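Single-structure report; data block below.
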Amino acid sequence: MKSVVLLLLAASASAFQTTSNVATMRSAPLQMAAEEATADAVITPNAAIKVAANGMSLLKPIFAAEASIQAAVLGAFAKIDVDAVKSTIEAEKKVNPVLIYTYSLSPFSTEALSILEKSGYPYKNIELGAEWFLLGAEGSQTRVELAKAGAGDFGTSLPKIFIGGECIGGCSELMNLVEEGKLDETMVKAKVSKKGAAPKKPSFLSMFS
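First residue of the sequence shown: 9, per the working numbering; consecutive thereafter.
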């Protein structure tokens, strides 16, 4: 009798272990997928690009002088309306919570766009041209006006990034926000929601703020 009971207990334990193993095997892919999704959400700026971007800041005075000359010369021939260029920039800032001006061939613009894309936040990219020396009259003037649009001295280099209508700088400054863990905080302050996120319903107290 004892031997029969022991056999039954052994069979039950074996069945339980088999069921547990199956459940573990089934849950493993889900766990791996979750881990992969988490890993994809982590943004790691390109270290080489950051070093180069920081180095470019030393050339701000040279680029600023060149940009002004280029805009003046090309603008004189094309009769660019400077006020119209300023108004266009302001209008874009108002309707786009996250706005970036780029060059298509710039590695700094490419890196900034990559970071914004991985962040999951919506943004608008305005490509001024392939590079600064290939800009036309309007693009050259826009480049000059973008340098004046922020509170900080961010120079005339692109990219130029605006969050909530405020210029945060370029690629280097965006990388700093990511590395310091402040990108989400900046987006929240600007009331920017991630792509696909349900809009937050206003609270009763927010109606009086």
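By construction, the Cβ of each residue, glycine as well, lies at the ideal position given by its N, Cα and C atoms.
All of these numbers come straight from a predicted model, not from anything done at the bench.
*Have a look at Leu182 and Val81 and give me their C-alpha separation to the nearest angstrom.*
32 angstroms
*Using alpha carbons as the reference points, say which of Phe116, Asp91 and Ala206 lies closest to Glu153.*
Asp91
*Determine the contact status of Met64 and Ser148, defining contact as a CB-CB distance below 8 angstroms.*
no
_Touch test, the region 182–198 against the region 72–79, Cβ-Cβ under 8 angstroms, three pairs minimum_ = no
*Based on the DSSP output, what are the partners of Leu107 in its beta bridges?*
Lys132 and Phe170
*Counting along the chain, where does the alpha helix (DSSP H) carrying Val196 start and finish?*
Looking at the DSSP string, the run of the alpha helix (DSSP H) that includes Val196 is Leu191 to Lys197.
*asked:* Taking only three categories from DSSP, how would you classify Ile51?
replied: coil
*asked:* Given this structure, state the Cα-to-Cα distance separating Ile88 from Asn62, to the nearest angstrom.
replied: Rounded to the nearest whole angstrom, the C-alpha separation of Ile88 and Asn62 is 32 angstroms.
_For Ala42, the three-state DSSP class (helix, strand or coil)_ = Because the pLDDT of Ala42 is 39, which lies under 50, any placement of that residue in the model is unreliable, and the question is left without a value.
*Can you check DSSP and say which residues form a bridge with Cys175?*
Phe170
*Is it buried or exposed for Pro69, if we count other Cβ within 10 angstroms and need 16 for buried?*
exposed
_Residue environment, Gly163, which counts as buried when at least 16 other CB atoms sit within 10 Å_ = buried
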